[in-house]
Amino acid sequence: MNTVLITGCSSGYGLETARHFHAQGWNVVATMRTPREDVLPRSDRMRVIALDVTKPESIAAALEASGPIDVLVNNAGIGLMGTFEATPMTTVREVFETNTFGVMAMTQAVLPQLRARRSGVVVNVTSSATLAPMPLVAVYTASKMAIEGFTASLAFELEAFGVRVKLVEPGYGPTTRFTSNGGPRMEGLIPDAYAPLAQRIFASFGQPALVTSESDVAEGVWRAANDASGQLRFPAGPDAVALAGAR
Ligand SMILES: NC(=O)c1ccc[n+]([C@@H]2O[C@H](COP(=O)([O-])OP(=O)(O)OC[C@H]3O[C@@H](n4cnc5c(N)ncnc54)[C@H](OP(=O)(O)O)[C@@H]3O)[C@@H](O)[C@H]2O)c1
């Protein structure tokens with residue numbers, strides 16, 4: 006039986022991905038910064054473990070507690086919307102610590118066991134922002150673009166060891182906690198000179214033609230984890246699929 010470890014399972018795409026793999030009969034290690042068992046099914050195939058991907062000691066302790074895993078899903082991430090000019094470099098670094106270096110650190114920590122067993126998959130969750138550039142998300146997009154390049158290169162590096170590396174690119178999901186979790190970080194990032202642009206962008210977010218649901222992403226991660234075709238990128242959600250098709 007396969008075991009998946011997923012980061013950022015307290016809400017949104019990660020929570021639904023944990024439920025999905027469990028429903029498919031897998032062992033699930035659902036990790037969260039603040040563990041909460043009540044949001045997931047009670048089962049001997051479901052374990053909730055504490056993990057903050059920005060803390061090396063937390064990564065080591067979580068992997069010690071989880072035991073061997075077959076699939077790592079790097080889902081944990083934080084958002085940022087605002088002008089680049091007004092974004093403090095401390096905030097830029099904060100976004101990269103989670104979205105970029107957290108993914109790299111988790112991947113590096115699991116690779117020895119996957120390479121030794123000559124099997125396993127790392128699924129990195131990025132964003133449809135990498136498929137078509139848009140304003141006011143320069144830092145966030147950069148943090149995710151870095152993982153796109155990282156993953157594409159790593160996939161070749163690990164091919165000979167039977168270890169697969171995949172990208173899932175979700176579209177805009179208004180029903181997760183993504184925007185509210187990023188709220189305080191985004192305060193004061195729209196100076197007056199940018200207000201007309203920001204108003205146009207925020208208005209378009211209010212009436213999206215297509216959006217992504219939690220289950221779209223859970224299914225995308227499931228397909229990526231089980232893919233044997235060599236496909237690298239899995240856009241998830243109708244808006245992401247449309248953007249990927251337009252490229
Ligand atoms: N929603 C969207 O529009 C959208 C679009 C494209 C891509 N994505 C990506 O999809 C992924 C999931 O986002 P979501 O929409 O489901 O948002 P969400 O509801 O805010 O979930 C994000 C999860 O990441 C966790 N997290 C944040 N920092 C962490 C850290 N340092 N260590 C471990 N966990 C951490 C959060 O935990 P806490 O509860 O402890 O904060 C939460 O469980 C992210 O990588 C995001 O960039 C989202």
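In this note's numbering, each number is its position in the sequence shown, counted from 1, plus 5. By construction, the Cβ of each residue, glycine as well, lies at the ideal position given by its N, Cα and C atoms.
Note down the Cα distance separating residue i from residue j, rounded to an integer number of angstroms.
i, j, result
"A203", "Y177", "17 Å"
"L248", "A157", "19 Å"
"S234", "N129", "17 Å"
"Q212", "G107", "32 Å"
"S132", "R47", "30 Å"
"E69", "P240", "32 Å"
"V144", "S16", "23 Å"
"L163", "V226", "19 Å"
"F210", "I83", "18 Å"
"M109", "F161", "16 Å"
"A251", "F101", "28 Å"
"A229", "R169", "9 Å"
"V127", "T112", "7 Å"
"F89", "G167", "40 Å"
"F155", "T92", "25 Å"
"P201", "I195", "10 Å"
"T103", "K149", "10 Å"
"A147", "A66", "29 Å"
Tell me, to the nearest whole angstrom, how far the beta carbon of residue i is from that of residue j; I am working on the premise that it is less than 8 Å.
i, j, result
"D244", "T217", "6 Å"
"T8", "D49", "The pair is not a contact, with the Cβ atoms about 13 Å apart (cut-off 8 Å)."
"T105", "I152", "6 Å"
"T12", "V58", "6 Å"
"L56", "M37", "7 Å"
"A114", "I64", "5 Å"
When burial is assigned at 16 or more other CB atoms within 10 Å of the CB, is residue i buried or exposed?
i, result
"M86", "buried"
"N231", "exposed"
"R205", "exposed"
"L136", "buried"
"S71", "buried"
"S185", "exposed"
"T39", "exposed"
"M139", "exposed"
"F207", "exposed"
"P117", "exposed"
So, helix, strand or coil for residue i, using DSSP?
i, result
"I11", "strand"
"E174", "strand"
"V246", "helix"
"P138", "coil"
"P240", "strand"
"V130", "strand"
"R50", "coil"
"M86", "coil"
"T36", "strand"
"N80", "coil"
"R98", "helix"
"R182", "coil"
"A233", "coil"
"R252", "coil"
"A65", "helix"
"R169", "strand"
"A5", "Given that the chain is displayed from residue 6 to residue 252, the structure contains no residue 5 and the question cannot be resolved."
"A42", "Note that residue 42 corresponds to Glu in the displayed sequence, not to Ala. It is coil, neither helix nor strand."
"L194", "coil"
"L215", "coil"
"R123", "coil"
"K149", "helix"
"W227", "helix"
"Q118", "helix"
"I206", "helix"
Is the CB of residue i under 9 Å away from at least one CB in chain B?
i, result
"G178", "Absence of chain B from the displayed structure is noted, only one protein chain being present."
Would you check if the region 114 to 124 and the region 86 to 104 touch, i.e. whether three or more CB-CB distances between them fall below 8 Å? no
Is it the case that the region 185 to 201 contacts the region 62 to 81, given that we only count it when at least three CB pairs across the two stretches are under 8 Å? no
Between the region 214 to 229 and the region 20 to 40, do three or more beta carbon pairs fall short of 8 Å? The count of Cβ pairs closer than 8 Å, one atom from the region 214 to 229 and one from the region 20 to 40, reaches three, so the stretches are in contact.
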